[in-house]
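Trainee: The sequence shown runs 3 to 75 under the working numbering.
Just so it is clear, CB atoms sit at the ideal spot from N, CA and C, and this is done for glycine as well.
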Amino acid sequence: MSDIAPPFAGLTPDVVLDALDGVGLAGDGRMLALNSYENRVYQVAMEDGPPYVAKFYRPQRWTDAQILEEHGF
3 MSDIAPPFAG LTPDVVLDAL DGVGLAGDGR MLALNSYENR VYQVAMEDGP PYVAKFYRPQ
63 RWTDAQILEE HGF
């Protein structure tokens with residue numbers, strides 16, 4: 003039996019909201035999980051304004067260059 007936690011075991015709603023808060027976005031706690039094969043993607047309602055989509059990449063799967071390339075797409 004392995005003691006290795008699944009990649010997103012620590013990605014709780016509080017962690018998602020804290021990540022958004024860290025970039026100046028105030029989520030109101032409402033989240034909708036969106037389909038993604040390898041990552042975790044959430045539509046997060048904001049206290050003021052339209053919702054944002056937050057994407058959390060699978061740890062050690064993507065390089066910074068690959069993520070930047072995707073964001074440019």
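(1) Could you tell me which whole alpha helix (DSSP H) segments of length 4 or greater appear in the region 12-45?
(2) Does the distance from the CB of residue 19 to the CB of residue 42 come in under 8 Å?
(3) Is residue 21 closer than 8 Å to residue 49 when the C-beta atoms are compared?
(4) Candidates 8, 70, 57 and 51: which alpha carbon is nearest residue 34's?
(5) Please report the distance separating the alpha-carbon of residue 7 from that of residue 46.
Mentor: Concretely, from the data shown:
(1) 15-24
(2) no
(3) no
(4) 57
(5) 25 Å
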